[in-house]
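Below is one structure, written out as structure tokens, with a few remarks after it.
2 protein chains.
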Amino acid sequence: MGNIIVGQSGGPTAVINSSLAGVFKSGKENGLKVYGMINGIQGLLEERYVELNKQIETDLDIELLKRTPSAYLGSCRFKLPNMEEDEQIYEKIFSILDKINVDKFFYIGGNDSMDTIKKLHTYGTAKNKNIQFIGVPKTIDNDLAVTDHTPGFGSACKYIATTVKEIIKDATVYDAKNITIIEIMGRNAGWLTGAAAITKSEDCSGVDLIYLPEVVFDIEKFVSKVRKLQKTKKSLVIAISEGIKNKNGVNICELEEENTLLDCFGHKSLSGTANNLARILHRKLGCKTRAIELNTTQRCASHFMSEVDINESFLAGAYAVSIALNGENGKVVIFERTSNSPYNIVMKSHNVYDIANVEKKVPLEWIDTENGTVSKELIEYIKPLIQGEVYPIMVDGLPKHLKLERQ
Amino acid sequence: MGNIIVGQSGGPTAVINSSLAGVFKSGKENGLKVYGMINGIQGLLEERYVELNKQIETDLDIELLKRTPSAYLGSCRFKLPNMEEDEQIYEKIFSILDKINVDKFFYIGGNDSMDTIKKLHTYGTAKNKNIQFIGVPKTIDNDLAVTDHTPGFGSACKYIATTVKEIIKDATVYDAKNITIIEIMGRNAGWLTGAAAITKSEDCSGVDLIYLPEVVFDIEKFVSKVRKLQKTKKSLVIAISEGIKNKNGVNICELEEENTLLDCFGHKSLSGTANNLARILHRKLGCKTRAIELNTTQRCASHFMSEVDINESFLAGAYAVSIALNGENGKVVIFERTSNSPYNIVMKSHNVYDIANVEKKVPLEWIDTENGTVSKELIEYIKPLIQGEVYPIMVDGLPKHLKLERQ
């Protein structure tokens, strides 16, 4: 039996290292040497990798790794060319893997990263290579096809919903008309913005309006909706996806007539979607408006993770090793939800060709843009994924993370 | 013995309700009826108040209140006129207080709010009124005079340092030149930005540069400093206070030649300080830059509070009641640090006239702008304040908050 190698790719998440821990621990328990690519496939091409068995030595190291945000091994955004375009790059990768006797290759990432698995598998199969390629899903965006949801999504939702709930408390503190617009990640898929909807509960009025990028955003209707709501409620909190677009497909942050800012040299300079909407509302309604962009913290906040998510992420890594040991190749670990109440999933493997480069969006019937709301189905879909908490291991008042020591 | 009333004023914090809980619990234990002003002095003037004994009924309610961010009673930004300018408003306040038989008045707030205590005390004394006025300090900005630090500062520091540590992990994940600028609250005082400096530890390289508003910010020196650092480190993370200014006292976000954006109608539109610096660095150095504004979450994130801070905030509220019961008037609760290692404070009361409207800044000898660092003293000052964690009471995956029921 050969060694295994694992890499991380694309945007980081709070739990991508939990999947790494799952691959490592399972590999180690099966007596295998586990290599880690530094900066994914891009680093591998430069022969940058580490022996993880020398880095992650104790059970405490594994627990720390699970709680360390962002990609422990470093990441990359690197798209392999098609094998017809450049066969050399494939030869190079396979020869490097041969050199360290790797016959199982795991890649933790989103749909772009699954393209890497697909292409390596295609090449390997065409050339009768003896290396298995397995994808482990990861993305806060939850836009991966086939799987019920993706590791990373639950923790991002928990962080977003918690933060939105806190912002609502903050926004409603003064006895004066005001509007807060919260911008949440999601260029084409509104899954994360859906998390803002789960704040509505006994102790929270929730967001007043919510807009996802799957449906055309109509500014005129939006403004009149806000005007109407203001008659009965002084403080309004609105959640929007960064990617909302008008009927011509133009992103709201790019709307010429409304937003384009020119710097003093006349160059275009775009401000964010929430900023732009806040500016429009201020001009049209006159009241105090403010924009809050949740930005990077959505994907790297690991001080308040979902227990369901971190456990599933770990198990997805371990499951990937088990299907590889069963001889599978060109597969991605997926989740199938067998029951929502009580919540239950089963893990399966699925052909990478159905998953690479495919983007899964929120079903249109779950979005009510006329009323600026989402359906109960979306809320019930998200809620089980944010249950339970995993807190950091604290040292001297701050979360302790595991750090890669360069060899 | 009369009743007591308590109000909250100014910007919310994560722990302002912990002080409210302290006032309430101590008042109740002393057999007093406790009123709460809705929206501070502004609401009181409209006779909007609640009986807190009817709102906060159980010990669990008190624990929930301590963990509820933002001002439970609502807040205001309301500056009382001098008594010479408008005596009527004072008469009105005192007659409302008389009506509900209040003889002890507590106000939880920052230096603007202490101005309210000062003025009410001045008026009460001049008119021989039988009402005591006591201030309970609160501000994430830590800019209150006399006291060693303010309730709210420690939790904000813990949240900022944790988030900055996570952002550093996120920023260093790709193998490419990039600069991240994190904008932290603080227009005139850089205390909160100091929290970014405590991230440097065994497992974290910390921020590479840090700039506080107390010292002139020189853009030329800054750019050349960054250029030099880039020669040895690919990913740089820089923390700045929102209020940094150049030698002419112009805020960096307002610098005409560098930043002013014109919208398509030619109107000025300012972007944030970090955004502006990121744009300048991108133009001068050519590499990828991004700006992250931590914004409102700094003051309302209550899912990860400092145990030291939440306890001190609670005790400050209780201490306020005890000094009122001892007959004090026109006083503010302050903290005196008697030892840093082990950390220890004592609470005292201090004349409100020394505290109202005074702004305490970071000592200049704690700031090294030449090297873009802060001194060990600032780090050692902050560290004890972020120790220990208080987590929310979780219900269905989200923090539970206490909600005021309008009577």
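For the record, the sequence lines run as chains A and B. For the first sequence, numbering that gives the first Met the number 0 gives the first residue as 0, with consecutive numbering after it. For the second sequence, numbering that gives the first Met the number 0 gives the first residue as 0, with consecutive numbering after it. Every residue, glycine too, gets a C-beta built ideally from N, C-alpha and C.
In whole angstroms, give me the CA-to-CA distance for residue i and residue j.
i        : j        : result
ASN350/B : TYR318/B : 15 Å
ILE392/B : VAL14/B  : 15 Å
GLU241/A : ILE139/A : 14 Å
GLY185/B : HIS302/B : 22 Å
PHE313/A : TYR89/A  : 30 Å
SER18/A  : ILE309/A : 8 Å
LEU208/B : LYS164/B : 14 Å
VAL214/A : LYS244/A : 8 Å
PRO362/B : LYS399/B : 39 Å
GLU358/A : GLY109/A : 10 Å
CYS156/B : TYR390/B : 16 Å
ALA144/B : PHE152/B : 14 Å
GLY39/A  : PHE221/B : 33 Å
GLY134/B : VAL5/B   : 10 Å
ASN187/B : LYS360/B : 7 Å
PHE315/B : MET346/B : A small correction: the amino acid at residue 315/B is Ala; Phe does not occupy that position in the sequence shown. The alpha-carbon atoms of ALA315/B and MET346/B are separated by roughly 8 Å.
GLU376/A : TRP365/A : 7 Å
VAL373/A : GLY193/A : 7 Å
ALA300/A : VAL33/B  : 39 Å
May I ask which residues mark the beginning and end of the alpha helix (DSSP H) holding residue i?
i        : result
ARG298/B : 296 to 299
ASP114/A : 110 to 125
LYS330/A : Here LYS330/A belongs to no alpha helix (DSSP H); instead the beta strand (DSSP E) covers 330 to 339.
ALA290/A : First-last for ALA290/A: 287 to 292, but that is the beta strand (DSSP E), not the alpha helix (DSSP H).
LEU31/A  : No alpha helix (DSSP H) contains LEU31/A, which DSSP labels as neither H nor E.
VAL320/A : 306 to 324
VAL225/A : 218 to 229
VAL163/A : 152 to 170
GLU86/A  : 86 to 98
GLN41/B  : 39 to 43
Would you say residue i lies against chain A (beta-carbon separation less than 8 Å)?
i        : result
GLY285/B : no
GLY73/B  : yes
CYS252/B : no
TYR173/B : yes
GLU165/B : yes
PHE334/B : no
ASP207/B : no
THR115/B : no
Residues in the same chain with beta-carbon distance under 7 Å from residue i, minus the five sequence neighbours each way, listed in chain order, please.
i        : result
ASP147/A : PHE334, GLU335, ARG336 and ILE344
PHE132/B : PHE104, ILE116, LEU119, HIS120, GLY123, ASN328 and GLY329
SER74/B  : GLN7, SER8, GLY9, PRO11, ASN38 and GLY39
PHE216/B : TYR210, ILE243, LYS244, ASN245 and ILE251
For residue i, report the span of its beta strand (DSSP E) as first-last.
i        : result
TYR380/B : Note, TYR380/B: premise wrong, no beta strand (DSSP E); alpha helix (DSSP H) at 375 to 381.
VAL351/B : Segment: none, VAL351/B is in no beta strand (DSSP E) and carries neither H nor E.
ALA238/B : 234 to 240
GLN131/B : 131 to 136
ASN177/A : 177 to 183
GLY50/B  : Correcting the residue type first, residue 50/B is Glu in the shown sequence and not Gly. GLU50/B -> beta strand (DSSP E) spans 48 to 50.
ASN2/A   : 2 to 7
ILE209/A : 208 to 210
Could you tell me whether the Cβ of residue i comes closer than 8 Å to any Cβ of chain B?
i        : result
TYR89/A  : no
THR231/A : no
VAL357/A : no
LEU269/A : In this predicted model, LEU269/A has a pLDDT of only 49, less than 50, meaning its place in the structure is not dependable; the value taken from the coordinates is given anyway. No, LEU269/A lies away from the interface with chain B (no Cβ there is under 8 Å from its Cβ).
HIS349/A : no
ARG282/A : no
THR296/A : yes
HIS148/A : no
ALA155/A : no
THR288/A : no
ALA70/A  : yes
Here's a check: name, in chain order, each residue in its chain whose Cβ is nearer than 8 Å to the Cβ of residue i, leaving out the five neighbours to either side.
i        : result
ILE61/B  : ALA20, PHE23, LYS24 and ILE55
ILE95/B  : LEU43, LEU44 and GLU46
LEU280/B : ILE178, ILE180, VAL222, VAL225, CYS286 and THR288
LEU191/B : ILE139, ASP140, ASN141, PHE152, ALA155, CYS156, ILE159, ILE183, MET184, GLY185, SER240 and GLN297
Can you name, in chain order, every residue of its own chain whose Cβ lies under 6 Å from the Cβ of residue i, other than the five neighbours on each side?
i        : result
ILE180/A : ILE237, ALA273, LEU276, ALA277 and ALA290
MET304/B : ALA13, SER154 and VAL389
> In the stretch 386 to 406 of chain B, which residues sit with their C-beta less than 9 Å from some C-beta in chain A, listed in chain order?
Replying inline: Those would be GLN386, GLY387, GLU388, TYR390, PRO391, MET393, VAL394, ASP395, GLY396, LEU397, PRO398, LYS399, HIS400, LEU401 and LYS402, in chain order.
>> To be precise: take each residue of the stretch 38 to 68 of chain A, compare its Cβ to all Cβ atoms of chain B, and keep it if any distance is under 8 Å. Which residues remain?
In response: Under the 8 Å Cβ criterion, the stretch 38 to 68 of chain A contributes ASN38, GLN41, GLY42, THR67 and PRO68.
>> What are the residues in the stretch 0 to 14 of chain A lying within 9 Å of chain B by C-beta distance?
In response: For the stretch 0 to 14 of chain A, the residues whose beta carbon sits under 9 Å from a beta carbon of chain B are, in order, GLN7, GLY10, PRO11 and ALA13.
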